[in-house]
Amino acid sequence: MAATTTHAPSLSFLLSHPHSAAPQLRLRPNPRHRLRCATDAAAAPAAPAKHRRAADENIREEAARHRAPSNDFSAWYEPFPPGPDGDPHERYSLDEIVYRSSSGGLLDVRHDMDALARFPGSYWRDLFDSRVGRTTWPYGSGVWSKKEFVLPGIDPDHIVSLFEGNSNLFWAERLGRDHLGGMKDLWVKHCGISHTGSFKDLGMTVLVSQVNRLRRAPLSRPIAGVGCASTGDTSAALSAYCAAAGIPAIVFLPANRISLEQLIQPIANGATVLSLDTDFDGCMRLIREVTAELPIYLANSLNSLRLEGQKTAAIEILQQFDWEVPDWIIVPGGNLGNIYAFYKGFEMCRVLGLVDRLPRLVCAQAANANPLYRYYKSGWTQFQPQVAEPTFASAIQIGDPVSVDRAVVALKATNGIVAEATEEGLMNAMSLADRTGMFACPHTGVALAALFKLREDHTIGPNDRTVVVSTAHGLKFSQSKIDYHDKKIEDMACKYANPPVSVKADFGAVMDVLKKRLKGKL
């Protein structure tokens, strides 16, 4: 029998057959043609008005009415990494509640790449671009606009989305020009500009959506709630998404080790919050013991579903650069799932032909919680967990990261680097970035401090397109900024402190201060 070749449907076919089995594609106008289109608009005949959906129909119901037949894309769990002594056929359905392989190792979500590869990279680029900024359920989300690469088999009606993602890629023009040796192509990916103020939303929408699917008919699994250990941001994301879905959330937090802004989020969203007299690693041990005994679904990054959402930040960066690959991506690292998620997103796009290469990855750790950095400096010879010391980058204050093996795979595959930042270095980097228009969190300060070091030793060049990943919003860590600018941090010079000036309500006194501050500029 002659072999058959499957060809991707043409754009004209997709437009004329909107309910074909292929993923739906809308074409987006080329921005280079906007000026011409604007000029021609007056002469063009009026387009027919687009009717809104019925008043008694919401966007989920509208999406269901227009839904195309299901596709044959699929995903499942496999052991990570595939071991030479393991069962090569070991795999689990995503509908199974399983967190470890039969040997006790991590699991990874694997996709049917052969099915996805039936469509060329250009098809996927156009499809994903056509969904940006829409309210069509669920594709308006920066995560679910890549649904075929995330959870292809989930029913859209089971998806729990707060329209996360689509975050700003900020051109750090002044920071690069004035403080990093004339860098012209420095960017900051503001993942903290999201519903709960951190990148954790990207993963939590996927995990809670799958839990929602498991709890509902026909599966009807008896899951009483979803639980996590957290340094702050994970608990905030879990609580918000569970609240949106009506699912109980249980969070274990290390007492007195997270910011008030982080603590109030799960409380406000109605989660059961347990403040424990231990560090994150202690919370993690307890939540694993509890989920082994009670029907509570584990939401930490031991669960690989979250990484499927987090990897979409990498795909989004490619979109924002018109599918050109940057030279460097710098990611703060704590539990180390995110550095692997970025690698996974870039690698999936490379394998499927959306791009032709990978960027180099840098994992930046706080010196007070740097087990991966020590492992890297040893030549990857032996990993040694540590008791993490307090750091202003509290969300990455983790001494025994769950995803260390995942991080090593990502760094080796991209010729990556691990860097560290002292407390003074990360706070100065954060504060200097703020002086150029940002409002960075301390974890972004860790990544920026790593960038300063890599520029000083010429590892990163002035013309290298570099993206620093900002993982959380600075407003979640305001106390650290207050202490810095008040110069209340012990043994820290606070080089860029900018305290307010107390002045009498007197014209002459005000003028004296302003003349002093503006000396040479008036």
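Just so we're aligned: 233 in UniProt numbering is position 233 of the sequence shown, and the numbers increase by one with no gaps anywhere. We put the CB at the ideal spot given by N, CA and C, even for glycine. On a predicted model such as this, the values are computed, not experimentally measured, just so you know.
- Contact annotation: Leu175 and Ala433 have beta-carbon atoms nearer than 7 Å.
- Residue pairing from DSSP places Leu186 in a beta bridge opposite Thr466.
- By the neighbour-count definition (other C-beta atoms within 10 Å, threshold 16), Arg100 is an exposed residue.
- Ala369 places its beta carbon 7 Å or farther from that of Met284.
- Between the segment 414-433 and the segment 292-300, the count of Cβ pairs shorter than 8 Å is below three; the stretches do not touch.
- The alpha-carbon of Ser161 is positioned some 22 Å away from that of Gln320.
- In summary, Glu164 is buried, with 16 or more beta-carbon neighbours lying within 10 Å of its beta-carbon over all protein chains present.
- Excluding five sequence positions before and after Leu106, the CB atoms of its chain that fall closer than 6 Å to its own CB belong to Phe80, given in chain order.
- The criterion of a C-beta distance shorter than 7 Å is not satisfied by Ser235 and Pro254.
- Judged by their CB atoms, Ile247 and Gly334 are not nearer to each other than the 7 Å cut-off.
- Under the 10 Å beta carbon count, Leu514 is surrounded by fewer than 16 other beta carbons and is classified as exposed.
- Between Pro218 and Phe346, the alpha-carbon positions lie close to 35 Å from each other.
- For Glu389, the three-state secondary structure derived from DSSP is coil.
- By DSSP's assignment, Asp108 forms a beta bridge with Glu78.
- Cβ-Cβ distances below 8 Å link Val503 to Ala509, Val510, Val513 in the same chain, with the five nearest sequence neighbours on each side left out; the list follows chain order.
- Between the segment 189-201 and the segment 488-496 there are fewer than three C-beta pairs closer than 8 Å, too few to call the two in contact.
- Secondary structure at Phe477: helix, using DSSP grouped into helix, strand and coil.
- Within the segment 411-465, the complete alpha helix (DSSP H) segments of 4 residues or longer fall at 423-435, 442-456, listed in chain order.
- Collapsing the DSSP output to three states places Leu127 in a helix.
- Just so you know, the alpha carbons of Met204 and Val501 end up roughly 43 Å apart.
- Assignment of Cys363 by DSSP, reduced to helix, strand and coil, places it in the strand class.
- Judged by DSSP secondary structure, Leu298 falls within the beta strand (DSSP E) whose first and last residues are 296-298.
- Counting along the chain, Thr312 sits inside the alpha helix (DSSP H) bounded by residues 312-320.
- According to the DSSP secondary-structure assignment, Leu169 is paired through a beta bridge with Lys189.
- In this structure the segment 374-386 does not touch the segment 461-475; the number of beta carbon pairs closer than 8 Å is below three.
- Taking Ala410 as reference, the option from Val446, Glu420, Pro359 with the minimal CA-CA separation is Pro359.
- Distances from the CA of Thr136 to each of Cys441, Val467, Asp506, Arg52 were compared; the closest alpha carbon is that of Arg52.
- Beta-carbon to beta-carbon, Glu308 and Val206 are separated by about 5 Å, close enough to satisfy the 8 Å threshold.
- Per DSSP, the beta bridge partners of Cys228 are Val251.
- The residue among Phe342, Leu151, Glu423, Asp405 with its C-alpha nearest the C-alpha of Asp72 is Leu151.
- Annotation: the continuous alpha helix (DSSP H) that includes Val211 extends over 200-215.
- Burial check for Pro499: the Cβ neighbour count within 10 Å stays below 16, so the residue is exposed.
- Assigned with DSSP and collapsed to three states, Pro156 falls in helix.
- The beta carbon of Thr391 sits closer than 7 Å to those of Ala366, Asn368, Ala369, Gln397, Glu423, all from its chain and outside the five residues before and after it, given in chain order.
- The beta-carbon separation of Ala240 and Thr272, rounded to 15 Å, does not stay under the 8 Å limit for a contact.
- Take Ala447, set aside five residues on each side of it, and the residues of its chain with a beta-carbon closer than 6 Å to its own are Ile330, Pro332, Ala364, Val468, in chain order.
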